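Using my numbering, you'd call the opening residue of the sequence shown number 240 and step up by one each time.
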Amino acid sequence: MSAVSDSDSPIEEVRAAVLPTDDPSLPSLTFRSVFLGVVFTLVLSFINQFFWFRAQPLTVGILVVQLVSFPVGKFLARVLPDKRVGFGRFSFSLNPGDFSIKEHVLLTIMANSAASTAMGIDIIVIQRLFFNLNLGWGGGFLLVISSQILGYSFAGLLRRFLVTPSSMIWPTNLVNSTLFNTLHGRMSPAAADGNNGNDNDGGEQKKPFWKRLTRGRFFMLVFACSFVYYWLPGYIFPLLVSISWICWTNKKSVTVSQIGSGLHGLGIGSFALDWNTVVSFLPTPLSIPVWAHLNMLAGFVTFIWILVPAFYWTNTYNAKQFPIYNTKLYDKWGNKYNTTRVMVPGKNILDREAYDNYSPVFQTVFFALCYGQGLATLGAIISHTVLYHGRDIVKRVRNARSGDEDIHARLMRAYKEVPDWWYAVLFVVAFALAMVTITCFPTDMPWWSLILALVLAIGFTLPLGLIMAVTSQNPSISMIAEWVMGAILPGRPVANLMFKNFSTVICQQALSLTQDLKLGHYMKVPPRELFIFQITGTLLAGIINLATTNYLFDNIPNVCTDEGYPWTCPNASIWGAGSIIWGVVGPKEYFSSKSVYHSVPFFLLIGFLIPIPIYFLYRWKPKSWLQHIHVPVFMLGPGPYPPAPTSELPTWVAIGIVFNGYIKRYYNKWWRKFNYVLSAGLDSGIAICALVIFFALQNQNTAFPSWWGNPADGPVDQCPLATVAVSGANAYIS
240 MSAVSDSDSP IEEVRAAVLP TDDPSLPSLT FRSVFLGVVF TLVLSFINQF FWFRAQPLTV
300 GILVVQLVSF PVGKFLARVL PDKRVGFGRF SFSLNPGDFS IKEHVLLTIM ANSAASTAMG
360 IDIIVIQRLF FNLNLGWGGG FLLVISSQIL GYSFAGLLRR FLVTPSSMIW PTNLVNSTLF
420 NTLHGRMSPA AADGNNGNDN DGGEQKKPFW KRLTRGRFFM LVFACSFVYY WLPGYIFPLL
480 VSISWICWTN KKSVTVSQIG SGLHGLGIGS FALDWNTVVS FLPTPLSIPV WAHLNMLAGF
540 VTFIWILVPA FYWTNTYNAK QFPIYNTKLY DKWGNKYNTT RVMVPGKNIL DREAYDNYSP
600 VFQTVFFALC YGQGLATLGA IISHTVLYHG RDIVKRVRNA RSGDEDIHAR LMRAYKEVPD
660 WWYAVLFVVA FALAMVTITC FPTDMPWWSL ILALVLAIGF TLPLGLIMAV TSQNPSISMI
720 AEWVMGAILP GRPVANLMFK NFSTVICQQA LSLTQDLKLG HYMKVPPREL FIFQITGTLL
780 AGIINLATTN YLFDNIPNVC TDEGYPWTCP NASIWGAGSI IWGVVGPKEY FSSKSVYHSV
840 PFFLLIGFLI PIPIYFLYRW KPKSWLQHIH VPVFMLGPGP YPPAPTSELP TWVAIGIVFN
900 GYIKRYYNKW WRKFNYVLSA GLDSGIAICA LVIFFALQNQ NTAFPSWWGN PADGPVDQCP
960 LATVAVSGAN AYIS
């Protein structure tokens, strides 16, 4: 084992996906990588923001960039002249030779900054929709850019904790690394061992077919199959998204629909035969260890299949008055909550008398327990981090270069590291821009609250990063941020939204960029060049996101309303509901002793306490099964809900156990060679097929004829009564 640790990563999953070698002579910062990086960043930031507001958002991700940019890069390597432009030390060659893997990685990481829209955009949208506030171009630009760059400065300052250590795996990057190596004809020694050391050795006909099959050919085979198959769930046979067979036994029963629906109910017994559904709100199950799958399944069963129905059918929180599963807000009569009735006219503050005369805010029991689960997760993360990682964090603070460095960290010493003061300068500049934003534009946010928001973000980024680095699960501090600001300044929803932006959004951006730093670490990209590409991509994506948003609001009637379908902005509705609960009403009122939801805050304490006895039991028997209990990951089991379908996680876990449990154990050579290639092929085929379906058919309003597997009316999973109250009375559903 020691020999493996010295010459390769001590982590088997990393050994199967990442090469333990480097060629520092390969070009990386070139005209090709800059040109293609900028082009793909501009295109992706426009496409993803444009379709982000649709009822069924379309996201073009990093895998599409990896696939499409590869032949384009090869083409440029053939047609560009080998000519130097510029002068002196600032000259460069238009064509330094073959299109290298490092160029490919750099341009992909730049474009990845546009793969998800800037979360500050949602804040801008909610302000316009709910509170009739428009920050304009200047305020919007400062809001988006300052929060994005603050997140990047956090990522850089925490890289010694979250990037350098070998134990910080970042599983999603293993799929990306495998695809890079497959496209460029490279293979890690561990994966090559699955083919007796030679990926191209096909001369021995006695070998099994899979041993003669190269990873490149396997990728193309999976890609083609995935592309063809996705026409079924994506267009022809959408019922495959959620096979809710229990509903078929009695479609006239509200209870049966609530239990069986994988789209609008508990999803008991439901499953998905669609890879896109399996990974739509979760990372690929092929990159997640089995212990994480089992922890998440236990959490999912506890919250979704036990607590939610128990609370609902005992009428806790007046649950039976409303549907079982959605994120809408109601008044005491079961109608849509009318926010304008409780606001001071012309001002975005609570009218207390109007609120008392109208109605408290109500929500489904599922939505209430989602808040409880979120608070429990944050509590568990705090105590788990202190107990399990406290000593290591202190050690790294005292000595930044100590720790479990592997071969990849040693190889990266060949390149100049980005000094901490670069990130510090970024932080100072972004902080100044953020301060200008909140003081010069109508944000209703006091200057001192920005400092508090940053303290909250700093305090949680490292603990959340420790979770994400080993499980690919990305917890959010959204609830605690809304709670803190709602307690300090109740009745001021705009201030609450801005505080959420400068805490939650910064934390999420920091973790996203840290994941890209780890990808650059795996692929041996010079850190200073990676710094330039990440900053450039972040700035370009933020500008295009804002421009696209303003264009849509200026040109599409009724955007982000039901009347503007399909431009209904589903994500903004969830954040808008949160702004009402935490900003307008405030946690003091919402969780008061008179409120039906007064017990929800205790989930924070429960989550904090649970890891403590488990930790001491683990210390007592460190080699027992207790070492695999991870309370924060357990709490994340119900994390994607809402808006994920409940049919997703059980299917996700089953696939993960089969591949990372059974196949990894009994067919290890196949697993090392093909596991991550399989994931990349499935993702890539669906991504390309989804683009074809959307632009060729759905965008032209060309629907597939209705039939049993594609019903024209009613829910796709054929659970027609899942969205009503248990009594059968219709409640407000949008």
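Using N, Cα and C, we set each Cβ at its ideal position, and we do this for glycine too. All figures in this text were calculated on a predicted structure; none of them were measured in a lab.
DSSP three-state label for residue i, please.
i    : result
L589 : strand
M582 : strand
Q712 : coil
R323 : strand
Y790 : helix
I482 : strand
G441 : With a pLDDT of 46 at G441, under the threshold of 50, the modelled position of that residue is not reliable, and no figure is offered here.
S406 : coil
S332 : strand
K575 : strand
G878 : coil
P259 : coil
P729 : coil
D631 : helix
C799 : coil
C746 : helix
H623 : helix
S246 : helix
Q387 : helix
I527 : coil
E644 : coil
K862 : coil
D956 : coil
T962 : coil
P477 : helix
I543 : helix
Under the assumption that residue i contacts residue j (Cβ atoms under 8 Å), give the Cβ distance between them as a whole number of angstroms.
i    : j    : result
K322 : L333 : 5 Å
I902 : W891 : I902 to W891, Cβ: 16 Å. No contact.
L769 : T280 : Not really, about 15 Å apart at Cβ, beyond 8 Å.
N735 : S818 : 6 Å
L665 : I388 : 6 Å
L505 : W544 : 6 Å
L617 : L843 : 7 Å
A531 : T417 : Actually they do not touch by this definition, with Cβ atoms about 19 Å apart.
P732 : N587 : 6 Å
A350 : L396 : A350 to L396, Cβ: 24 Å. No contact.
T574 : T603 : What sits at residue 574 in the sequence shown is Asn, not Thr. Not confirmed; about 14 Å, so no contact.
M407 : K757 : 7 Å
P950 : A961 : Their Cβ separation, rounded to whole angstroms, is 14 Å, which puts P950 and A961 out of contact at 8 Å.
I849 : A619 : 6 Å
I'd like the list of long-range same chain contacts for residue i, defined as Cβ closer than 6 Å, with 5 residues on each side in sequence excluded.
i    : result
W291 : T356
T876 : According to the sequence displayed, residue 876 carries Gly and not Thr. Closer than 6 Å at Cβ, skipping near neighbours: M535, G538, F539.
L525 : F898, N914, S918
D956 : S481, S483, S500, G501, L502
G390 : I745, Q748, A749
L856 : L865
L302 : D922, S923, A926
T298 : N287
Going by the DSSP bridge assignment, what does residue i pair with across the sheet?
i    : result
Q602 : L568
F510 : I482
N949 : W946
Which same chain residues end up closer than 7 Å to residue i when comparing Cβ atoms and leaving out the 5 residues on each side of it in sequence?
i    : result
P335 : P266, T269
F370 : N587, P732, V733
Y556 : F550, V604, A607, V835, Y836
G378 : T676, F680
G441 : Its pLDDT being 46, under 50, G441 is placed unreliably by the model, and the measurement read from it follows with that caveat. Once the five neighbours on either side are set aside, the close Cβ partners of G441 are R451.
Is residue i close to chain B, meaning its C-beta is less than 8 Å from at least one C-beta of that chain?
i    : result
L265 : Among the protein chains of the structure shown there is no chain B, as only one such chain exists.
Beta-carbon within less than 8 Å of residue i's beta-carbon, same chain only, minus the 5 sequence neighbours each way: which residues are those?
i    : result
M674 : W686, L689
Contained alpha helix (DSSP H) runs [length at least 4] in the segment 658 to 695, N- to C-terminal order: 659 to 679
Secondary structure, alpha helix (DSSP H): runs of 4+ residues fully inside the segment 806 to 839: 809 to 817, 826 to 829
4 or more residues per run - each alpha helix (DSSP H) lying fully within the segment 748 to 797: Those alpha helix (DSSP H) runs which fall completely within the segment 748 to 797 and span 4+ residues are 766 to 794.
Alpha helix (DSSP H) runs contained entirely in the segment 336 to 375, provided each spans 4 or more residues: 340 to 351, 359 to 370
Inside the segment 883 to 907 only - alpha helix (DSSP H) runs reaching at least 4 residues: 887 to 896
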